[in-house]
Every structure is written in C-alpha cells, then in structure tokens.
Amino acid sequence: MLQRNIVLPTHTTANQNQSQSQFQFQINKPRHGRRAKIKRDYIVFGVFFVSIFFLVLGVFISFPFISSSSSSTSLSDGEPKSVIQQIYDGDLNLVEIIFSKSSSSGNHGTGRFCKLNFASQLKSPDTIPMFRDLVRVSGCDPKSNGKRNAIHSVDIDEVIAFASSQLSQQHPDPHDRALHVQNSIKPFGVAFHQSRVGSTLISNLMTVTTTESLQNRVYSESSPPSTAVRQYCGLDGCDTDGLATVFFVMGLGSGRTYGRNFFKFQSILCINMGDIVDSIDAVTSVIGIPSGAAPSSHLPFVFVYRDPVEVMMSHFKDGANQPNCARGKSHPNEVEKNLLRDKSANEVPAGSLSTSEFCAAHLASLGGG
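Residues in the sequence shown are numbered from 3 upward in steps of one, following our numbering.
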C-alpha cells in the first residue's frame, strides 16, 4: 500500500537507485519492527518533553518576578523595578482614575496604570488619534478581547509621596526641584477646541515631533483629566490643587523616558479652561513647593475654533435625530442653563427647545457664540 503512493523520478542515477532501494527496504520491514521503532520514538519524545518541562519550571522557580503582570524593566543592578518605581520612571502610565463616593477631601483617588505603547501612536497617528485608541492598542482596555497588559491599581497619594521623596533626593534644593518639575513634568502645551474644528490634526502634529531624540507623549482627549474635572469642579469653580495632581502624575517620566507632554482636551472642558490652565501652572504645589519658588512659567495653550454655522453643519451631517451637540439636552450644564434665558432673564427649559436651538446654546458654552 505504501509503495503505491511513492512516485519515483523517470531518470535515476546509481546513487538514487541505491537510496530508493534502501527506502523501500525500510518500508517493507516486518510489522513488529515498525512497532518497536514507534515505541522507541514515543519514549524519546517523552523524555525530551519531560526535560523541557522541568527546565522551564526551574526558570520560573529561580525567577519568581517573571509573570504576566510584571514589566521587563529592571534596575541597574538587575533587580526588578517595583510598580511605583515604574510609574515614577514613566514605564507605567495613568489610564484611569477612580474616586470612591466615601473618599475624603484629601484623597486624590486611585489610579489604574498600564504601559501605553506611545511608539505605535508615533508610527501611525492617523489610526491611533485618540487616547481610547492608544489604550486599546496597548492592551490596557479590560474590555478588549485582544492581548492585554497588566493593569495596576495604586493610590494617587502614594504615587505623589514616592515621587516627592525621589525628587527631594535627586534635587535637594527646592529651587532646582521646582525648575525640574516645571521643565519636565509639567505639560509643555495644551489644546482646547470647540469640536469639529480639526483639533485631531493639532494633536497629530504634536505626536510626530520629538524633543532631544525622545518621543513626546500626547494625551488626546484622555479620560483622567475629564474625570478629575467632574470631581474637583463645581458651581464655585475648581480645586486647582486637586486638578494639578492628575497632570503631575501623568507627566512622570518626562525628560528621561519621554520628551515633553502635550494634552488635547475634550471640547466640553472648554467650560473649565481657565481653572485647568491655572492648575497646570501650579503643578509644583503637588510636592509642596509654592509656584513662586521658581521663575514663573505660564502654560502655552491654544483654543481652536471655527465658524459656528460650519460646526453646526458638521454635527448635523448624519441627520438631525441625535447629533453629538444635543447629548446634554436632558441635563444641561450650568453654563448652558445661563444661556437658555429669555429677554426677561427667565430660564427656558431645554426640553422646550428644538435640537438645533439647544446645539446653538451648547456651542456657545464652548466659546463659539
């Protein structure tokens, strides 16, 4: 049966005939010989497999820090870095911040940290334009079905205390320490926008620039600042010291692992533009250094806007049923409520307005009126 499945060449040499005869001889061996060979092969394979198993087991026993949740980074002496050291060095990045309802006023929440793949964003900023896209391709989205990186939950106050200690050792003089925070950790520039104005192009331009051969980090509509605004801002303004903690933590690692930090915010954060800028300017206060301890360095920022009619048309391009500008119609914010007043200064219920009328108020609240 096996011989009928063998196709021999038409022209053969003497050596080929000899090898073919040897091959046929092997096939025509008695059946008990083949069984012995198969048994011997299984024994050899079994010994090989067991050897490999114990070799791999020995490696994991010898190096217990190797796991799916650990990073490949290590200290200069070969010891693995702690999670908080990786955060300080910028190897792990803040992807989410959580505030519990029972948190005291001095609690700055719990951060979730994961290694973001900023290199992929630099390589293809047009396909990874937003922070949520960067989180997804980095394997840092717990809802993703793809490959996942380890996500570490660490108290923000613990990160700040560790960073303050490290900076005090590296820069004993408060003036030098304040300069380091201003020149490295503090964002280098931020962008606010009215929505549908081409702000993604601005963030992509930030992405493709480098600082002293180090890749810049661009947080394009990232979730931690918007979460912090909801926590620290109210009718009477914002707790700028609380906001500053988020920008301080997100800036760790700059000047060493990365170049500079840039932020592009969600359009709704234009309402809190002044407080956000003030909080970033006061970022040195996070580690107990007054902003006046070093030469003043005001944050460069841009506000990107466009003809409001063109913006409105962009929002309605997919139909007038539920454009993005009308998402807050059932729960308008305080700025929108102040705009929704008649000539007698009486508040007009948002529900009584058409979709286009509410969108006009919404865009005006973002600075487009």
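For each residue, glycine too, the CB sits at the ideal point set by N, CA and C.
Using a threshold of 8 Å, state whether the C-beta atoms of Leu-216 and Gly-261 are closer than that.
If you number the sequence shown from 1, residue 216 lands on position 214. If you number the sequence shown from 1, residue 261 lands on position 259. The answer is yes: Cβ separation under 8 Å.
Quick check: what's the CA-CA separation for Arg-138 versus Gln-268?
Counting from one through the sequence shown, the residue named residue 138 turns up at place 136. Counting from one through the sequence shown, the residue named residue 268 turns up at place 266. If I take the Cα positions, the gap works out to 18 Å.
Is it buried or exposed, Ser-201, if we count other Cβ atoms within 10 angstroms and call 16 or more buried?
In the sequence shown, the residue the question calls residue 201 occupies position 199. Burial call: buried.
Distance, Cα to Cα, Tyr-90 vs Phe-265?
The residue labelled residue 90 in the question sits at position 88 within the sequence shown. The residue labelled residue 265 in the question sits at position 263 within the sequence shown. Whole-angstrom Cα-Cα distance: 19 Å.
For Arg-198, tell me which candidate among Met-208, Glu-312, Lys-339, Glu-338 has the shortest Cα-Cα distance.
Indexing the sequence shown from 1 puts residue 198 at position 196. If we check each option's Cα against that of Arg-198, Glu-312 comes out closest.
Are Pro-302 and Asn-206 close, meaning C-beta to C-beta below 8 Å?
Numbered from 1 along the sequence shown, position 300 holds the residue referred to as residue 302. Numbered from 1 along the sequence shown, position 204 holds the residue referred to as residue 206. Not a contact, by the Cβ cut-off of 8 Å.
Less than 8 Å between the CB atoms is what I'm expecting for Leu-368 and Gln-196, so what's the real figure, rounded?
Residue numbering aside, residue 368 sits at position 366 when the sequence shown is read from its first letter. Residue numbering aside, residue 196 sits at position 194 when the sequence shown is read from its first letter. That pair is a contact at about 5 Å.
Answer with buried or exposed for Thr-129, where buried requires no fewer than 16 other C-beta atoms within 10 angstroms of its C-beta.
By one-based count along the sequence shown, residue 129 stands at place 127. Exposed is the call here.
Any idea what DSSP makes of His-177, helix, strand or coil?
By 1-based counting over the sequence shown, the position of residue 177 is 175. Helix at His-177.
Check whether the Cβ atoms of Thr-112 and Ser-84 sit closer than 8 Å, and answer yes or no.
Sequence index remark: in the sequence shown, residue 112 carries index 110 (1-based). Sequence index remark: in the sequence shown, residue 84 carries index 82 (1-based). No; because the gap between Cβ atoms is not below 8 Å, this pair is not in contact.
Which residues in the same chain as Ala-230 place their Cβ atom closer than 6 Å to its Cβ, once the five residues preceding and following it in sequence are excluded?
Working through the sequence shown from its first residue, we reach residue 230 at position 228. If we look at Ala-230 and ignore the five residues flanking it on each side, its Cβ neighbours are Leu-245, Val-248.
What separation, rounded to the nearest whole angstrom, lies between the Cα atoms of Arg-329 and Asp-175?
If you number the sequence shown from 1, residue 329 lands on position 327. If you number the sequence shown from 1, residue 175 lands on position 173. Cα to Cα, the separation comes out at about 50 Å.
If contact is defined by three or more beta carbon pairs under 8 Å, each pair taking one atom from either stretch, is the region 231-244 in contact with the region 172-186?
The answer is no - the region 231-244 does not touch the region 172-186, with fewer than three Cβ pairs under 8 Å.
Counting only the same chain and skipping the five closest in sequence on each side, list residues whose C-beta sits under 7 Å from that of Pro-127.
Residue numbering aside, residue 127 sits at position 125 when the sequence shown is read from its first letter. Excluding residues within five positions, the ones whose Cβ falls inside 7 Å are Asn-206, Thr-209, Val-210.
Checking the sheet assignment: what are the DSSP bridge partners for Gln-172?
In the sequence shown, residue 172 corresponds to position 170, counting from 1. Answer is none; Gln-172 lacks a bridge partner.
Between which two residues does the alpha helix (DSSP H) holding Gln-364 run?
Here residue 364 corresponds to residue number 362 of the sequence shown, with the count starting at 1. Reading off the sequence, residue 364 comes out as His, not Gln. Unbroken alpha helix (DSSP H) run through His-364: 357-365.
Kindly indicate the opening and closing residues of the alpha helix (DSSP H) around Asp-283.
The residue labelled residue 283 in the question sits at position 281 within the sequence shown. Taken as a continuous stretch (DSSP letters only), the alpha helix (DSSP H) holding Asp-283 covers 275-283.
Report the residue from Cys-142, Val-306, Tyr-307, His-364 whose alpha carbon sits nearest the alpha carbon of Cys-327.
Looking up residue 327 in the sequence shown gives position 325. Per the Cα distances, His-364.
Between Pro-351 and the rest of its own chain, which residues show a CB-CB distance below 6 Å, the 5 nearest in sequence each way excluded?
As a position in the sequence shown, residue 351 is number 349, starting the count at 1. Contacts found: none.
If you scan the region 213-240 from start to end, which runs of the beta strand (DSSP E) of 3 or more residues do you find wholly inside it?
Within the region 213-240, the complete beta strand (DSSP E) runs of at least 3 residues are 219-222.
Please work out which residues of its chain come closer than 7 Å, Cβ to Cβ, to Asn-30, disregarding the five sequence neighbours upstream and downstream, and give them in chain order.
Locating residue 30 in the sequence shown gives position 28, where the first residue counts as 1. Because the pLDDT at Asn-30 is just 43, under 50, the model does not fix this residue reliably, and the value given afterwards should be weighed accordingly. Excluding residues within five positions, none has a Cβ falling inside 7 Å.
For Val-285 and Asn-323, I'd like the C-alpha separation in whole angstroms.
Residue mapping note: residue 285 aligns to position 283 of the sequence shown, counting from 1. Residue mapping note: residue 323 aligns to position 321 of the sequence shown, counting from 1. Answer to the nearest angstrom: the Cα atoms are 43 Å apart.
Hey, is His-182 close to the ligand PLP, as in C-beta under 7 Å from one of its heavy atoms?
Questions concerning the ligand PLP fall outside what the structure shown contains, since it holds no ligand whatsoever.
Considering only the beta carbon of each residue, do Ile-278 and Val-183 sit closer than 8 Å?
For the purposes of this step, residue 278 is taken as residue 276 along the sequence shown, with counting starting at 1. For the purposes of this step, residue 183 is taken as residue 181 along the sequence shown, with counting starting at 1. No.
Can you say whether His-317 is buried or exposed, counting buried as having 16 or more other CB atoms within 10 angstroms of its CB?
Translated into the one-based positions of the sequence shown, residue 317 becomes position 315. His-317 comes out buried.
Just how far apart, CA to CA, sit Met-315 and Thr-357?
Along the sequence shown, read from residue 1 onward, the residue named residue 315 stands at position 313. Along the sequence shown, read from residue 1 onward, the residue named residue 357 stands at position 355. Their backbone Cα atoms lie some 13 Å apart in a straight line.
Which residue or residues does DSSP assign as beta-bridge partners of Cys-116?
As a first step, residue 116 must be located in the sequence shown, where it is residue number 114. Paired residue(s): Asn-95.
Which residue's Cα is closest to the Cα of Leu-271: Ala-193, Gly-92, Asp-309?
On the sequence shown, position 269 is the one that residue 271 refers to. Cα-wise, what sits closest to Leu-271 is Ala-193.
Pull the bridge partners of Asp-135 from the DSSP assignment, please.
As a first step, residue 135 must be located in the sequence shown, where it is residue number 133. Its beta-bridge partners do not exist; DSSP assigns none.
Which residue marks the beginning of the alpha helix (DSSP H) containing Ser-201, and which one marks its end?
Reading the sequence shown from its first residue, position 199 is the one you call residue 201. It spans 201-209 - the alpha helix (DSSP H) in which Ser-201 sits, taken as one unbroken run.
Name the two residues that bound the continuous alpha helix (DSSP H) containing Asp-143.
One-based indexing of the sequence shown puts residue 143 at position 141. Counting along the chain, Asp-143 falls outside any alpha helix (DSSP H), and DSSP gives it neither H nor E.
Consult DSSP for Asn-263 and reduce its assignment to one of helix, strand or coil.
Walking along the sequence shown from the start, residue 263 turns up at place 261. It is a strand residue.
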